[in-house]
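Letter by letter, the sequence shown follows residues 1 to 223 of this note's numbering. Note that CB positions come from ideal geometry on N, CA and C, so glycine has one too. Values in this document were obtained by computation on a predicted structure and should not be read as measured data. Since the structure comes first, as structure tokens, the remarks are kept for the end.
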Amino acid sequence: MVSKKMVKVDFHVHTRFSPDSLTSLEAALRAARRRGLARLVITDHNTIAGALEARRLAPDFVIVGEEVMTTEGELLAYFLEEEVPAGLPPEEALARLRAQGAFVAAAHPFDARRKGHWSLAALERIAPLLDAVEGFNARCFSARANQRAARFAAEHGLLVVAGSDAHTAAEIGRGAMLLPDFEPAAAGLRAALREGRVVGAASPPWVVLASRYAKWRGRMEGR
1 MVSKKMVKVD
11 FHVHTRFSPD
21 SLTSLEAALR
31 AARRRGLARL
41 VITDHNTIAG
51 ALEARRLAPD
61 FVIVGEEVMT
71 TEGELLAYFL
81 EEEVPAGLPP
91 EEALARLRAQ
101 GAFVAAAHPF
111 DARRKGHWSL
121 AALERIAPLL
131 DAVEGFNARC
141 FSARANQRAA
151 RFAAEHGLLV
161 VAGSDAHTAA
171 EIGRGAMLLP
181 DFEPAAAGLR
191 AALREGRVVG
201 AASPPWVVLA
211 SRYAKWRGRM
221 EGR
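This is the structure in structure tokens:
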């Protein structure tokens, strides 16, 4: 029996196109390759501009994603060609994402310290519309939040994705999935994730200070 080629993918990474990150696209790509990632999913806040530019730089390496803030929580979406704006009801955001064939997961659903976490009622309501739940986020400093997310996915027949939620280059790859190599499309990812497993460890708490500094610097520079 020929064993499948397993690859490591970080499904949640931010760049300078997010207001709370200063990571250049070039730095993100270098860090991802240095840490043995096979693909990098760029999921900036409410924009795909950086991800599209990164894909032009590394077309076989980058997956275009977005972290979309809805009225009830944040969604991670992969394989996008059109941006979905912030502030929509989750069902409308999901409809726009589905219309372009995206793979969609609920981001860090039970990390209550974040503005973009989900209430249990809202998450249960949209669960039939999701592909996955982010079952491990390296910026969830409470292991319980990640455990609860993974348990919710199992109880609702959803897949699990994992990511670093990196806002600095140093974080890239700290949370990831090890899974069979896949065609870069939603259907291929769904099949691969059924055989995937989470790898990684929580980031140190200081990374939050880096995000705060990035926001402050962005305001000073008017970006």
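- Here T71 is exposed. Its C-beta has fewer than 16 other C-beta atoms within 10 Å.
- Judged by DSSP in its simplified three-state form, E81 adopts coil rather than helix or strand.
- Counting along the chain, the unbroken alpha helix (DSSP H) around P90 starts and ends at 90-99.
- Listed in chain order, the non-local C-beta contacts of K5 below 6 Å within the same chain comprise D181, local neighbours out to five positions each way being set aside.
- Rounded to whole angstroms, the gap between the alpha carbons of L97 and E74 is 13 Å.
- Cβ atoms of G135 and V198 come within 8 Å of each other, at about 6 Å.
- With the rule of 3 Cβ pairs closer than 8 Å, the segment 135-146 does not count as touching the segment 30-45.
- Looking at the DSSP output, H45 bridges to E67.
- V62 and F79 have their alpha carbons spaced roughly 10 Å apart.
- Excluding its 5 nearest sequence neighbours in each direction, L57 has C-beta neighbours in its own chain below 7 Å: L25, L29, listed in chain order.
- Going by DSSP, G163 is part of the beta strand (DSSP E) stretching over 159-163.
- Around the C-beta of M220, fewer than 16 other C-beta atoms lie within 10 Å, and the residue is accordingly described as exposed.
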